[in-house]
Amino acid sequence: MGNLQRMKRVLKCLFFVPITLCVIYLISPFVKLVMDFIPMEKCILESAKMLNLDSSVDASLNLQSRPDVQTCTYWKAAIIWEGMFDPRLYDDMHKSKGSSVALTVFAVGRYLDAYLHKFLNSSEQHFMVGLPVTYYVFTDMPEMLPDIKLSPLRSLKFIKVKKNSRWQDVSMMRMKSISDVIESDIRHHCTYVFCFDVDQVFTGRFGSEALGDSVALLHAHYYHLPKHLYTYDRNPNSKAYMETGDFYYHAAVFGGSWKSVKALTEACYQGIMEDKQNNVEALWHDESHLNKYMLLHKPSRVLSPEYCWDTNIGYRSDIQVTRLLWAPKHYDTLRSP
Numbered sequence: 187m188g189n190l191q192r193m194k195r196v197l198k199c200l201f202f203v204p205i206t207l208c209v210i211y212l213i214s215p216f217v218k219l220v221m222d223f224i225p226m227e228k229c230i231l232e233s234a235k236m237l238n239l240d241s242s243v244d245a246s247l248n249l250q251s252r253p254d255v256q257t258c259t260y261w262k263a264a265i266i267w268e269g270m271f272d273p274r275l276y277d278d279m280h281k282s283k284g285s286s287v288a289l290t291v292f293a294v295g296r297y298l299d300a301y302l303h304k305f306l307n308s309s310e311q312h313f314m315v316g317l318p319v320t321y322y323v324f325t326d327m328p329e330m331l332p333d334i335k336l337s338p339l340r341s342l343k344f345i346k347v348k349k350n351s352r353w354q355d356v357s358m359m360r361m362k363s364i365s366d367v368i369e370s371d372i373r374h375h376c377t378y379v380f381c382f383d384v385d386q387v388f389t390g391r392f393g394s395e396a397l398g399d400s401v402a403l404l405h406a407h408y409y410h411l412p413k414h415l416y417t418y419d420r421n422p423n424s425k426a427y428m429e430t431g432d433f434y435y436h437a438a439v440f441g442g443s444w445k446s447v448k449a450l451t452e453a454c455y456q457g458i459m460e461d462k463q464n465n466v467e468a469l470w471h472d473e474s475h476l477n478k479y480m481l482l483h484k485p486s487r488v489l490s491p492e493y494c495w496d497t498n499i500g501y502r503s504d505i506q507v508t509r510l511l512w513a514p515k516h517y518d519t520l521r522s523p
């Protein structure tokens, strides 16, 4: 009798599994559509002149031009959206100041062949056009770097790094690598640093309006969600532990002045190493540590999800342009266990 009851339970589970999967599949697009109607908080400042200005041109930002989204933080930093800024004003200012930008990207293992060529080619078309840019490509296979035709004012340097056995360690150890190359090279040549994941493609202007002392990016999957759904690290034994925060930031893009990025990467690396000594690993690795750092050290500039969008989310009325897109992910073949 007991075996018969167990068999009935198994058959019942087998019956409901495909139904459950089907329901999730059908509901998912609806859930994504509904999220578009969850309102963001709104900027309470009447004028951009009330911002803590990253530059004098920030006073020209039109905070009221985008009533559908949040255009400033409570600590008076701008959140940059399409329609808020005049790109010519930012370009002219940074050219007159002689601003230069270092772009760091890691292309380790199979990621080099899968993504780097398209990433660099698209960057040549859209990233900080008109400003001097130096690409710092961290790779374990410098001999395999693609042949990229660089525009004037552009240069490429490679830094050989060890390939870790786990992709999680590649992700976390990049913080030390970036800090080291800022100290040895970048700080002598570049005003600003932007750090990117390689599995992305530039599709529109990613320009000088994004430059600031400390720059963070709103994660495309979280910016409409209530804060209690943010996936901060909730383990009190981790240095990345957070009960709550301001936003959920995406570690696929971050930047700022070389001093600011050096301070961030050093702090994240220190937190990662302390966790390792205590046999702890943060939930989202370096991204969890980055969110903790940005909670304690507020960014002076926040980029909207236009600056790193995932098309799998579907239509969102507030995403008027896309500047950087997630490339198709093939983690099953690209990542080591």
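In the numbering used here, each number is its position in the sequence shown, counted from 1, plus 186.
Even for Gly, the Cβ is constructed at its ideal location relative to N, Cα and C.
- In this structure, LEU476 sits near ALA437, with a CB-CB distance shorter than 7 Å.
- When only Cα atoms are considered, PHE392 and LYS235 end up about 24 Å apart.
- If you compare the alpha carbons of TRP267, THR430, TYR260, PHE292 with that of ASP385, the shortest gap goes to PHE292.
- Cβ-Cβ separation between CYS376 and TRP470: approximately 28 Å, too far for a contact (criterion under 8 Å).
- Under DSSP, LEU404 forms a beta bridge with TYR435.
- The beta carbons of THR257 and THR389 sit about 23 Å from each other, so the pair does not count as a contact at 8 Å.
- With fewer than 16 other Cβ atoms inside 10 Å of its own Cβ, GLU460 counts as exposed.
- In terms of CA proximity to ASN498, ALA406 leads the group LYS304, ALA406, THR325.
- Going by DSSP, ARG274 is part of the alpha helix (DSSP H) stretching over 273–283.
- Cα atoms of LEU289 and PRO225: separation of roughly 34 Å, rounded to the nearest angstrom.
- Burial of PHE271 is indicated by the presence of at least 16 other C-beta atoms within 10 angstroms of its C-beta.
- Taking each of HIS312, SER337, LYS448, HIS483 in turn and checking the Cα distance to ASP432, the smallest one comes out for HIS483.
- Annotation note: the region 472–512 contains the following uninterrupted alpha helix (DSSP H) runs of length 4 or greater, listed N- to C-terminal: 472–482.
- Between TYR321 and LYS343 the beta-carbon gap is near 7 Å, inside 8 Å, which marks them as a contact.
- LEU450: member of the alpha helix (DSSP H) spanning 444–463, first to last residue.
- Annotated three-state conformation of GLN311 is helix, per DSSP.
- Sorting LEU249, LEU336, PHE305 by C-alpha distance to the C-alpha of GLY316 places LEU336 at the top.
- The C-alpha of LYS228 is placed about 50 Å away from the C-alpha of GLU329.
- Boundaries of the beta strand (DSSP E) around LEU289: 287–292.
- At least 7 Å separates the beta-carbon of PRO491 from that of LEU411.
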